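Just so you know, we're using our numbering here: the sequence shown kicks off at 3 and counts up by one. Every residue, glycine too, gets a C-beta built ideally from N, C-alpha and C. These figures come from a predicted structure and were not determined experimentally.
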Amino acid sequence: MMNTRIEGEIQGQKLQPSEGITNTVTVVFKFITEETHEDQATGVKTLVQSDPHYFIRDFSIESTCHSHICDRFLINNNNNRSLCEVLSPLIASTATNLGFGVNGFVIRLVLTITTSVHVVSSASVLRRLVCEGIIDGEEVKRLKMETEPCSICLENLSGSNTRGFPTRMSCSHVFHDRCLLEWFRRKNTCPMCRRVVSECLMDAWL
């Protein structure tokens with residue numbers, strides 16, 4: 003399940019008369035992704051928020067007509083017209099208040115676009131994920147990890163028959179397969195880096 007929330011903040015400033023009557027509209031897009039991961043077995047939910055990333059668009063306007071502003075906005079941006087039609091009246095009213103046609107000005111509009119995703123981890127997919135990550139003895143030697151301990155049980159990765167086989171996760175950390183299965187019953191993160199095992203990561207493994 004995915005939901006998108008858009009929040010906006012607009013600021014305007016008049017230019018000095020000596021700077022002319024030019025205008026600049028800057029739209030800053032701030033994208034954030036929030037993922038809520040739910041473990042079906044335990045019901046535990048973990049909220050993970052990505053670092054925001056930005057896109058900035060600059061343009062000028064020659065009229066406060068909503069359709070003109072929308073066209074100018076779309077020249078520099080591939081966003082859908084419905085968003086543009088919401089923003090155009092806001093930009094137009096701000097430009098009017100700043101003295102469009104008489105004063106020069108700059109307008110800065112910051113849009114925070116937050117996408118919320120709910121991910122349910124499947125126990126069967128997690129089991130297959132672990133199985134697909136199993137590596138053989140030659141690979142363990144190539145990685146020079148024969149004497150490295152599994153950080154879950156602290157036994158050597160290649161020297162424990164009771165803990166199963168070395169298994170590499172998508173983040174490249176290696177653990178015993180049985181240790182991982184036990185770990186995933188409690189948490190849905192890598193035991194080392196705490197990276198969340200999402201459905202997207204699972205798809206990359208399968």
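(1) Helix, strand or coil: which one does DSSP assign to Lys143?
(2) Out of curiosity, what's the CA-to-CA distance linking Cys133 and Glu150?
(3) With DSSP as the reference, please indicate the residues paired to Lys16 in a beta bridge.
(4) Classify Ala206 as helix, strand or coil using the three-state DSSP reduction.
(5) Return helix, strand or coil for Phe31, following the three-state DSSP convention.
(6) Quick one: what does DSSP say Glu201 is sitting in, helix, strand or coil?
(7) Using a Cβ distance threshold of 8 Å, determine whether the segment 104-123 contacts the segment 140-148, with at least three qualifying pairs required.
(8) Once the 5 residues before and after Thr26 are set aside, which same chain residues still bring their CB inside 7 Å of it?
(9) Return the chain-ordered list of same chain residues with a C-beta closer than 8 Å to the C-beta of Gly22, the five sequence neighbours on each side being excluded.
(10) Out of curiosity, what's the CA-to-CA distance linking Trp185 and Thr191?
(11) Could you check the C-alpha separation between Met204 and His120 for me, to the nearest Å?
(12) Let me make sure I understand the geometry here. Which of Asp179, Ser172, Pro91 and Ser174 has the alpha-carbon closest to that of Ser160?
(13) Starting from Pro168 and walking both ways along the beta strand (DSSP E), at which residues does that stretch end?
(14) Beta-carbon within less than 6 Å of Met4's beta-carbon, same chain only, minus the 5 sequence neighbours each way: which residues are those?
(15) Taking only three categories from DSSP, how would you classify Asn5?
(16) Determine the extent of the beta strand (DSSP E) in which Phe186 is found, giving its start and end residues.
(17) Based on Cα-Cα distance, which residue from Ile154, Thr35, Lys32 and Pro91 lies nearest to Cys67?
(18) Is the distance from the Cβ of Phe177 to the Cβ of Cys195 below 7 Å?
(19) How is Asn190 classed by DSSP in three states: helix, strand or coil?
(20) Under DSSP, the alpha helix (DSSP H) around Thr98 begins and ends at which residues?
Reading off the structure:
(1) The residue you call residue 143 lines up with position 141 of the sequence shown. Here Lys143 sits in helix by DSSP.
(2) The sequence position of residue 133 within the sequence shown is 131, counting from 1. The sequence position of residue 150 within the sequence shown is 148, counting from 1. One C-alpha to the other measures close to 20 Å.
(3) As a first step, residue 16 must be located in the sequence shown, where it is residue number 14. According to DSSP, Lys16 bridges with Phe107.
(4) Start at 1 with the first residue of the sequence shown, and residue 206 comes out as number 204. Note that Ala206 scores a pLDDT of 40, beneath 50, so its modelled location is shaky; the value from the coordinates is reported in the next line. If DSSP states are grouped into helix, strand and coil, Ala206 belongs with the helices.
(5) What you label residue 31 is simply residue 29 of the sequence shown in a count that begins at 1. Here Phe31 sits in strand by DSSP.
(6) The count along the sequence shown starts at 1 and reaches residue 201 at position 199. Any reading at Glu201 is ruled out, since the residue's pLDDT is 41, under 50, leaving its predicted position unreliable.
(7) no
(8) In the sequence shown, the residue the question calls residue 26 occupies position 24. Asp60, Ser62 and Val108.
(9) Against the sequence shown, residue 22 aligns to sequence position 20. Cβ within range, chain order: Gly106.
(10) Your numbering for residue 185 matches position 183 in the sequence shown. Your numbering for residue 191 matches position 189 in the sequence shown. Distance between the alpha carbons of Trp185 and Thr191 is about 9 Å.
(11) As a first step, residue 204 is located in the sequence shown; it is residue number 202 there, counting from the start. As a first step, residue 120 is located in the sequence shown; it is residue number 118 there, counting from the start. Only weak support is given to the placement of Met204: the predicted model assigns it a pLDDT of 39, under 50, and the question is left unresolved by the model.
(12) As a first step, residue 160 must be located in the sequence shown, where it is residue number 158. When only C-alpha atoms are compared, the closest one is Asp179.
(13) Against the sequence shown, residue 168 aligns to sequence position 166. From DSSP, the beta strand (DSSP E) with Pro168 extends over Pro168 to Arg170.
(14) Here residue 4 refers to the residue found at position 2 of the sequence shown. If we look at Met4 and ignore the five residues flanking it on each side, its Cβ neighbours are Val119.
(15) Residue 5 sits at position 3 when you count from the first residue of the sequence shown. Three-state DSSP puts Asn5 in a strand.
(16) Your numbering for residue 186 matches position 184 in the sequence shown. Unbroken run through Phe186 is the alpha helix (DSSP H), Asp179 to Phe186; no beta strand (DSSP E).
(17) Locating residue 67 in the sequence shown gives position 65, counting from the first residue. Comparing Cα positions, the closest option is Pro91.
(18) Residue numbering aside, residue 177 sits at position 175 when the sequence shown is read from its first letter. Residue numbering aside, residue 195 sits at position 193 when the sequence shown is read from its first letter. Not in contact: Phe177 and Cys195 (Cβ atoms no closer than 7 Å).
(19) Translated into the one-based positions of the sequence shown, residue 190 becomes position 188. DSSP places Asn190 in coil when its eight states are reduced to three.
(20) By 1-based counting over the sequence shown, the position of residue 98 is 96. Element bounds for Thr98: Arg83 to Asn99.
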